[in-house]
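Before any comments, here is the structure.
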Amino acid sequence: MKMIKNTLFTEKPVEIGPESGYDNYIMAIESSCDETACAIVKNGREVISNVVASQIKTHEKYGGVIPEIAAREHLESINVVIEEAFKQANMKPEEITAFAGTVGPGLVGCLLVGLNAAKTLALVYDKPFIGVNHLNAHLCGNYIDTDLKPPYIALLISGGHTQIIDVKSYSEQTIIGETIDDAVGEAYDKVARLIGLPYPGGPVLDKLAKEGNPHAYKLPEAKVDGYNFSFSGLKTAVLRLVKSFDGQELPVNDICASFQECVSSTLYKKVKKALEESGYKQVVIAGGVAANSEIRKKIFSLENEGYRVNAPLMKYCTDNAAMVASCAYFNTNTFDDIDVEVFSRA
Ligand code: KG4
Ligand code: ZN
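Just so we're aligned, residue 1 is where the sequence shown starts under the numbering used here, counting upward by one.
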């Protein structure tokens with residue numbers, strides 16, 4: 001259980017979490033990258049409202065997220081998403097148990113907008129403030145609408161991270177493997193760019209891969225020790241393959257399918273090894289790339305071997321605030337000081 005003092009005026013501590021003995025309604029704000037999001041979640045699992053303003057349209061023309069522009073867009077959207085979250089939930093700020101916000105990792109200018117909004121709400125309504133780590137929050141997308149409890153192995157795959165995590169309890173997690181170079185999402189986005197696909201490349205590549213032959217090209221799986229990963233060699237291999245066509249029309253679907261096959265089977269093998277060595281019977285996937293169809297398919301095939309597999313709905317895989325609210329409820333390892341500052345790297 002988490003005991004948190006109200007931020008400014010009330011002396012009596014407010015209890016938060018599964019053992020608090022009453023219904024918690026946590027409002028969270030997420031603004032670490034290019035989504036401005038606000039959600040209200042009851043008891044860490046039941047989404048009362050969930051609003052996401054995506055900036056994809058803005059960044060499309062640059063082929064990536066421009067931090068300055070992203071921060072300014074967050075400023076324009078933040079009040080709108082907060083109002084909409086209250087409206088959809090039909091709730092008043094006074095009815096909220098605590099206000100949470102993403103502290104990092106992420107783009108500093110972007111994080112500042114959401115975090116300051118969450119702190120301000122906490123101060124104005126004299127409620128606890130809970131600062132959340134974005135990566136921990138991604139894992140918590142798995143608690144929404146489920147009864148999942150630790151321990152389990154988590155595969156966290158996003159634009160910035162690729163990690164295998166041993167989740168021992170709601171608040172204790174150990175990273176047992178990670179990428180030594182590119183993150184999976186980064187590899188998807190870079191390869192997508194190489195073959196001329198629009199931003200954001202990951203989802204487009206995934207779609208085209210379904211139309212191609214996954215065994216058309218044999219791409220190299222990096223041999224990295226333990227549970228670590230490397231994707232930069234694979235990216236170079238795709239570059240070489242693209243160059244070999246020497247300006248002729250690219251078999252885009254086959255390249256996408258072969259790349260996707262290589263990435264998904266690497267992830268699958270390491271996750272399976274982690275399950276066998278930990279003795280855990282549960283595995284979850286999380287992060288933006290957990291929306292990927294082939295990675296989902298391969299990890300879910302572990303169900304045939306007796307494992308419980310969970311992946312959040314697509315809308316809780318990519319950046320959203322419901323996962324942040326869930327994390328504020330379940331994880332006691334949070335940043336609860338109203339003076340906490342944003343951070344860019346984990
Ligand atoms: O977690 P996320 O929304 O943002 C952070 O990185 O924190 O993840 C975004 C990443 C991007 O690289 C995007 O291309 C990738 O997730 N992505 C996908 C798919 N959907 C999103 N990659 C592969 N297949 C997908 N279906
Ligand atoms: Zn994310």
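Backbone N, C-alpha and C fix where the C-beta goes; we use that ideal spot for every residue, glycine too.
Does the beta-carbon of residue i, which I'm using as the reference point, lie nearer than 7 Å to any heavy atom of ligand 2?
i, result
"S158", "yes"
"D319", "yes"
"H134", "yes"
"G101", "no"
"G287", "yes"
"H74", "no"
"H138", "yes"
Could you tell me if residue i is buried or exposed, where buried requires 16 or more neighbouring beta carbons within 10 angstroms of its beta carbon?
i, result
"V80", "exposed"
"Q163", "buried"
"T102", "buried"
"S49", "buried"
"D145", "exposed"
"Y240", "Reading the sequence as shown, one finds Arg at residue 240 and not Tyr. Exposed, since its Cβ has fewer than 16 Cβ neighbours within 10 Å."
"M3", "exposed"
"A124", "Residue identity differs from the one stated: residue 124 is Val in this sequence, not Ala. By the 10 Å Cβ count, V124 comes out exposed."
"H215", "exposed"
"Q248", "exposed"
"E19", "exposed"
"M314", "exposed"
"E211", "exposed"
"F231", "buried"
"Y152", "buried"
"P198", "exposed"
"S169", "exposed"
"T10", "exposed"
"K223", "exposed"
"F129", "buried"
"K119", "buried"
According to DSSP, is residue i helix, strand or coil?
i, result
"T236", "helix"
"N133", "strand"
"I295", "helix"
"T120", "helix"
"F86", "helix"
"F300", "helix"
"I78", "helix"
"E341", "coil"
"G101", "strand"
"F229", "strand"
"Y143", "helix"
"Y329", "helix"
So what does residue i bridge to, in DSSP terms?
i, result
"A222", "Looking at the DSSP assignment, A222 forms no beta bridge with any residue, so it has no partner."
"N50", "A39"
"P13", "K5"
"I157", "T162"
"V309", "V283"
"A28", "A39, A100"
"F245", "Answer is none; F245 lacks a bridge partner."
"Y152", "V167"
At a cut-off of 7 Å, is residue i close to ligand 1 when judged by its beta-carbon and the heavy atoms of the ligand?
i, result
"T146", "no"
"P200", "yes"
"Y188", "yes"
"G104", "no"
"C110", "no"
"L275", "no"
"A28", "no"
"C262", "no"
"N292", "yes"
"C327", "no"
"G367", "Given that the chain is displayed from residue 1 to residue 346, the structure contains no residue 367 and the question cannot be resolved."
"G185", "yes"
"C256", "no"
"P150", "no"
"L205", "yes"
Give the list of continuous beta strand (DSSP E) stretches no shorter than 3 residues that lie fully inside the stretch 162-193. You should have 162-167, 173-178.
Q.
Just to confirm the assignment: which complete beta strand (DSSP E) runs, minimum length 3, are found wholly within the stretch 255-293?
A. Entirely contained in the stretch 255-293, the beta strand (DSSP E) runs reaching 3 residues are, in chain order, 282-286.
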